[in-house]
Amino acid sequence: MTGRILEPGSTLGVLGGGQLGAMFAETAHRMGYRVAVWDPDADAPAHRISTHSFTAPFTDLGVRDQFASVVDSVTLEWENVPAELCEWLEGRCPMRPSGAVLRILQDRIEQKQYLSSRRLSVPAFAVVESPLQLISAVDRLGLPAVCKTARSGYDGRGQWLLRDASDMRKVGQILETTKPGHRWILEQFIEYVREVSVLVVRSESGAYAVYPVVENRHEQGILRETRVPASIPSDIAEKATELSKLAVAALQGVGVFCVELFQAKDGSLLINEIAPRPHNSGHYTLDVCTVSQFEQQVRVTCGLPLGETRLLSPAIMVNLIGEEVRSVTSSEGSYALHSTAGAVLHLYGKRMIRPGRKMGHITFTAPHALTAEELAHRFITRLQRPSNFA
């Protein structure tokens, strides 16, 4: 045994109270821990199941002191919390991951530069700080390319695909109206075969727990479904796993990380982004792994040994986005879903339905991958034609 172990009864702090924070809190409670949630949104789901709840802005120094006084260790469910807050907190208790890691990963430019400097494969990129620099960056990288805001932005927000001169003009106009000091990153568009991701958990002692490689499919920039295991050759899966471990090791990261990768047509793998937290593509672990990504987060936050990552059955996770959630909350839809063998429903408890907002997910499990795929795609077809739930 190395390092300090937090025993049940200790209080774990989590910065961010969305569905990831709520799943962390539920898991922590099951394992005997108290949870302090800090999220400025008083309606965030995790507040409703917390031991201590803080709803002030992350810049509130008084609440910062109150939060620090009740927590024994801290983690996060959202990478856009202030890095300086995390750095201040880690001067008083363990912070998993650290503020230094967060600073690198919450800025796409910093992240790509850091990974590139460690000779880890990423798409070709350029820094953009003005419409004029956008033109020169396109001249260097060519079209098509993807322009992304350097900070924030998720589920396709703050990202634009540039295919021709008209796209460049539109994005140039957006850049002109943005506040001074804002930065963007232009990345070479990758004609990829598939997008995969790997959950890597790393402890303070440098031990690893790595989950199977999964395959992701997006619609309009939002994750639609995750398949586990990914339908890829074993040598590609091994390369994805090794590259993901190298990336987390290069960061000296402690915590749960999701490494998103592109598999290019030539078989090469490129790191798209790294999330320093549990990830939507890892939700399947709740239902078909011996230890979920959220239990791993509790374990690493408490200094406990990491859990095994054994996959109990193939699965496909399908997100419920916006109004789609009504398809499983109506009496007909609920009956149809719960009549489906192997379907596990998770609703996030968000009161406001908005376009593009993740409201829940369903994990379709089966002894065979093809069966899980058939169940999931039958459900997606019903989503596209709601009358089929009647």
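Counting in our numbering, the sequence shown runs from 40 upward without gaps. Built from N, CA and C at the ideal position, the CB exists for glycine as well.
Beta-carbon proximity list for residue i, same chain, < 6 angstroms, skipping 5 on both sides
i, result
"residue 253", "236, 265, 267, 269, 320"
"residue 228", "183, 184, 185"
"residue 341", "45"
Span separating the alpha-carbon of residue i from that of residue j
i, j, result
"residue 410", "residue 204", "45 angstroms"
"residue 385", "residue 242", "28 angstroms"
"residue 88", "residue 417", "34 angstroms"
"residue 166", "residue 172", "8 angstroms"
"residue 148", "residue 123", "18 angstroms"
"residue 382", "residue 208", "46 angstroms"
"residue 132", "residue 114", "11 angstroms"
"residue 103", "residue 51", "15 angstroms"
"residue 324", "residue 313", "18 angstroms"
"residue 150", "residue 372", "42 angstroms"
"residue 305", "residue 137", "36 angstroms"
"residue 67", "residue 420", "36 angstroms"
"residue 244", "residue 368", "45 angstroms"
"residue 394", "residue 63", "25 angstroms"
"residue 406", "residue 350", "11 angstroms"
"residue 234", "residue 255", "6 angstroms"
"residue 263", "residue 358", "5 angstroms"
"residue 338", "residue 135", "11 angstroms"
"residue 86", "residue 95", "12 angstroms"
"residue 315", "residue 156", "19 angstroms"
"residue 164", "residue 284", "23 angstroms"
With 16 other Cβ atoms within 10 Å as the buried cut-off, status of residue i
i, result
"residue 428", "Any answer about residue 428 is weak, because its pLDDT of 47 lies below 50 and its placement is not dependable; what the coordinates show is given next. Residue 428 comes out buried."
"residue 112", "buried"
"residue 344", "exposed"
"residue 257", "exposed"
"residue 370", "exposed"
"residue 380", "exposed"
"residue 212", "exposed"
"residue 355", "buried"
"residue 218", "exposed"
"residue 75", "buried"
"residue 402", "buried"
"residue 374", "exposed"
"residue 332", "buried"
"residue 100", "exposed"
"residue 58", "buried"
"residue 143", "buried"
"residue 377", "exposed"
"residue 271", "buried"
Proximity to residue i [Cα-Cα], best of the options
i, options, result
"residue 73", "56, 106, 110, 43", "110"
"residue 387", "377, 408, 407, 361", "361"
"residue 289", "139, 323, 168, 363", "139"
"residue 294", "273, 279, 318", "318"
"residue 250", "259, 279, 226", "279"
"residue 187", "168, 179, 77, 181", "168"
"residue 159", "366, 300, 392", "300"
"residue 311", "282, 291, 202", "282"
"residue 297", "240, 273, 352, 334", "240"
"residue 412", "179, 352, 92", "352"
"residue 424", "408, 400, 366", "366"
"residue 422", "404, 364, 210", "364"
"residue 120", "54, 404, 128", "54"
Identified DSSP bridge partners for residue i
i, result
"residue 135", "114"
"residue 400", "358, 385"
"residue 91", "75"
"residue 151", "Residue 151 pairs with nothing; no bridge assigned."
"residue 304", "Answer is none; residue 304 lacks a bridge partner."
"residue 236", "253, 299"
"residue 188", "223"
Cut-off 8 angstroms between Cβ atoms - residues of its own chain near residue i, not counting five sequence neighbours on either side
i, result
"residue 347", "248, 329, 330"
"residue 303", "229, 230, 231, 232, 309"
"residue 48", "71, 72, 73"
"residue 79", "94, 95, 96, 97"
"residue 177", "184, 201, 207, 225"
"residue 84", "56, 57, 58, 60, 61, 387, 388, 389"
heavy atom of the ligand NAD below 7 angstroms from residue i C-beta
i, result
"residue 402", "For the structure depicted, the ligand NAD is absent and the ligand set is empty, with no information on it obtainable."
Residues of its chain near residue i, where Cβ-Cβ distance is below 7 angstroms and the 5 sequence neighbours each way are ignored
i, result
"residue 189", "146, 147, 148, 222, 223, 224"
"residue 82", "390"
"residue 197", "187, 188, 191"
"residue 162", "226, 227, 229, 309"
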